[in-house]
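Chains as they are written, first to last, in the working numbering: chain A, 91 to 483; chain B, 58 to 115.
Built from N, CA and C at the ideal position, the CB exists for glycine as well.
The structure appears right after this line, and notes come after that.
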Ligand SMILES: Cc1cc2nc3c(=O)[nH]c(=O)nc-3n(C[C@H](O)[C@H](O)[C@H](O)COP(=O)(O)OP(=O)(O)OC[C@H]3O[C@@H](n4cnc5c(N)ncnc54)[C@H](O)[C@@H]3O)c2cc1C
Ligand code: SF4
Ligand code: SF4
């Protein structure tokens, strides 16, 4: 078997890159180790309008659970801050505010993307795992795949690794190393029925007792249900432990449990080599603060599909040509991801007390413009925060 | 390091952090190759406590 492009992984990164490559008349195979694309869900489904702009696709009712108008942050002491009102979300980071957008049904959305890709001509093999790369004279030229116990070699001029957080394919190509536990958000989520929440508002809860090293989210899925989940970075207890703790007294019942790891280390050093590109979670294309990847992965995967098409047309799939992918996606996102990582590292040092103080400052200064004098007074009362800000700057 | 298959949700977070790369994810199981030094990194990231988690959270 021989293809122009083999894509490993059949979720957002895989489906979008294979879709674009197929639309450009390439011969594309996408392989997915699970027997059904889109399951099990490992996502809360929150995304921005830009995802659909990138895809040049109309958001369809069948995968939009709700349209989001705002978001509320809850400090450890219970103080509430309207994120949208404060413009707190990182507009200058080229990362769109998560307080406006959609909550997607990822199962349906991922399947929809795969269907679009198939319609554009992509061959798809499910229940098929890439076990190894075929590397000849230092260049990647296919994968060794296993399907229902049968091992086969499939050749291609380009392999696109969209295999998610484990990033095994990039490792086989020597582009990625094992991550540190502090760079992985360990997540657990229930889809809950019976929660009384506004279907147009997201909620984020912070605090060492709620989600140490991360946060808890509630993303409404229309009138009927909501994704309530959390990501933690802690050796004390599991994500599931904190999930059970928070939901213990809620009058709601789960119909689904999702778990997953989110890479929070920012992008990997190099996302291309001879005959190979790495996209999505596998490449660390995820915001290190929010853990949001959908809109970034979509955009990067589109670039990978386009660069694959150019390379095949030029009959040159060397690292030199594929480097264009790396340059283009970094141009768009790298500064934002790096700044976000810096913020995350600063936030790692905040105690619950610091977070409460910050929340109090924001709430009390709500009606006034944030004055320099007010900020100086506030930091004078909180020398620990001042030290952090100095370190950060 | 003990792997409790009946607590595993096959998310591969553990695979991402094992420094010796001895954890491999097949479709629906984690395979442990020899060479574990009990560093505990996989335990920290496992959302469900399927890797040597002493206490029972369930
Ligand atoms: C609990 C949780 C909540 C999240 N919530 C949000 C959110 O609300 N908004 C947001 O923007 N982002 C969120 N994210 C992040 C987002 O889900 C990811 O950034 C996004 O799904 C990455 O897409 P991907 O295609 O790169 O990888 P993945 O979605 O991980 O897909 C990788 C695919 O590759 C397959 N695969 C792996 N190895 C092989 C192999 N060897 N052979 C064949 N197939 C293979 C896997 O089965 C999988 O289907 C969340 C993540 C988690 C864990
Ligand atoms: S304890 Fe350490 S070496 Fe052993 S499997 Fe876990 S991460 Fe790998
Ligand atoms: S991190 Fe835990 S739940 Fe996830 S695959 Fe590994 S052992 Fe299973």
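> Is residue 396 of chain A helix, strand or coil when you go by DSSP?
Replying inline: The answer is helix: DSSP assigns residue 396 of chain A an H, G or I state.
> In terms of residue numbering, what span does the beta strand (DSSP E) encompassing residue 232 of chain A cover?
Replying inline: Going by DSSP, residue 232 of chain A is part of the beta strand (DSSP E) stretching over 229-237.
>> Would the region 151-160 of chain A count as touching the region 211-230 of chain A if we require 3 or more Cβ pairs under 8 Å?
In response: Touching, no.
> Any heavy atom of ligand 2 within a distance shorter than 8 Å of the CB on residue 367 of chain A?
Replying inline: For residue 367 of chain A, the CB stays at least 8 Å from every heavy atom of ligand 2.
>> Just to confirm my understanding: we take residue 86 of chain B, look at its own chain, exclude 5 residues before and 5 after, and list those with CB closer than 8 Å. What are they?
In response: Setting aside the 5 residues that flank it on each side, residue 86 of chain B is surrounded in the same chain by 62, 65 and 67, each with a C-beta closer than 8 Å to its C-beta; the list follows chain order.
> Measuring CB to CB, does residue 278 of chain A end up less than 9 Å from residue 172 of chain A?
Replying inline: No, these two residues do not count as a Cβ contact at 9 Å.
>> Nearest by alpha-carbon distance to residue 366 of chain A: which of A/404, A/265, A/354 and A/117 is it?
In response: The shortest C-alpha separation from residue 366 of chain A is found at A/265.
> Got a sec? Which residues, its chain only, sit under 7 Å from residue 420 of chain A by beta carbon, not counting five neighbours each side?
Replying inline: Contacts found: none.
> Which of the residues in the region 58-82 of chain B, read from start to end, lie with their CB under 7 Å from any CB of chain A?
Replying inline: Those residues of the region 58-82 of chain B that come within reach of chain A (Cβ to Cβ, closer than 7 Å) are 66, 68, 69, 70, 72, 73, 74, 75, 76, 78 and 82.
>> Let's test the definition: count the other Cβ atoms within 10 Å of the Cβ of residue 417 of chain A and tell me whether it reaches 16, buried, or not, exposed.
In response: By the 10 Å Cβ count, residue 417 of chain A comes out exposed.
> With C-beta atoms as the reference, is residue 354 of chain A less than 9 Å away from residue 333 of chain A?
Replying inline: No, the pair does not count as a contact, with Cβ atoms beyond the cut-off.
> Across which residues does DSSP place residue 472 of chain A in a beta bridge pair?
Replying inline: Note: residue 472 of chain A sits in no beta bridge, so no partner.
> Whose C-alpha, out of A/357, A/123, A/210 and A/137, is nearest the C-alpha of residue 217 of chain A?
Replying inline: Here the closest residue by C-alpha is A/123.
>> For residue 347 of chain A, would you say it is in contact with chain B, using Cβ-to-Cβ distances shorter than 9 Å as the test?
In response: For residue 347 of chain A, the answer is yes, since a Cβ of chain B falls inside 9 Å of its Cβ.
> Taking just the CA atoms, how far does residue 423 of chain A sit from residue 184 of chain A?
Replying inline: Confidence at residue 184 of chain A is low in this model, with a pLDDT of 41, below 50, so its placement is unreliable and the value that follows should be read with caution. A direct Cα-Cα distance of roughly 7 Å separates residue 184 of chain A from residue 423 of chain A.
> Are residue 212 of chain A and residue 140 of chain A closer than 9 Å when you measure CB to CB?
Replying inline: Not in contact: residue 212 of chain A and residue 140 of chain A (Cβ atoms no closer than 9 Å).
> Using a Cβ-Cβ distance under 9 Å, would residue 337 of chain A count as near chain B?
Replying inline: Residue 337 of chain A does not count as touching chain B.
>> Am I right that residue 507 of chain A and residue 407 of chain A are in contact with their C-beta atoms under 8 Å? What's the rounded C-beta distance?
In response: Only positions 91 to 483 of chain A appear in the structure, and residue 507 of chain A is not among them; the question remains open.
>> Is there a Cβ of chain B sitting closer than 9 Å to that of residue 277 of chain A, yes or no?
In response: So yes, residue 277 of chain A belongs to the interface.
> Going along the region 248-266 of chain A in order, which residues come within less than 8 Å of chain B, judged by CB to CB distance?
Replying inline: Answer set for the region 248-266 of chain A: 254, 255, 256, 257, 258 and 261.
>> Is any non-hydrogen atom of ligand 2 found closer than 8 Å to the C-beta of residue 58 of chain B, if you look at the structure I gave you?
In response: Answer for residue 58 of chain B: yes, Cβ within range of ligand 2.
> DSSP on residue 354 of chain A, reduced to helix/strand/coil?
Replying inline: Here residue 354 of chain A carries a coil assignment [DSSP, helix/strand/coil].
>> For residue 491 of chain A and residue 411 of chain A, what's the separation of their Cα atoms in angstroms?
In response: A question about residue 491 of chain A goes unanswered here, because the residues of chain A that appear run from 91 up to 483.
> Do you know offhand how far residue 96 of chain A's Cα is from residue 235 of chain A's?
Replying inline: The alpha-carbon separation between residue 96 of chain A and residue 235 of chain A amounts to approximately 11 Å.
> What are the complete beta strand (DSSP E) segments, minimum 3 residues, inside the region 307-389 of chain A?
Replying inline: Correct list: 315-322, 343-353 and 366-368.
> Skipping 5 residues on each side, what residues in its chain have a beta carbon closer than 6 Å to that of residue 120 of chain B?
Replying inline: Nothing can be reported for residue 120 of chain B, as the shown portion of chain B is limited to 58 through 115.
> What residues in the region 86-108 of chain B bring their beta carbon closer than 7 Å to a beta carbon of chain A?
Replying inline: Cβ proximity to chain A below 7 Å picks out 98, 101, 102, 103, 104, 105 and 106 from the region 86-108 of chain B.
> If you draw a straight line from the alpha carbon of residue 282 of chain A to that of residue 81 of chain B, how long is it in whole angstroms?
Replying inline: Whole-angstrom Cα-Cα distance: 31 Å.
> So is the beta-carbon of residue 98 of chain B under 8 Å away from any non-hydrogen atom of ligand 2?
Replying inline: Yes, the Cβ of residue 98 of chain B comes within 8 Å of a heavy atom of ligand 2.
> So is the beta-carbon of residue 155 of chain A under 8 Å away from any non-hydrogen atom of ligand 5?
Replying inline: This structure does not include ligand 5; its bound ligands are ligand 1, ligand 2 and ligand 3.
>> Does the distance between the C-beta of residue 123 of chain A and the nearest non-hydrogen atom of ligand 1 fall short of 8 Å?
In response: A distance criterion of 8 Å places the beta-carbon of residue 123 of chain A in contact range of ligand 1, judged by its closest non-hydrogen atom.
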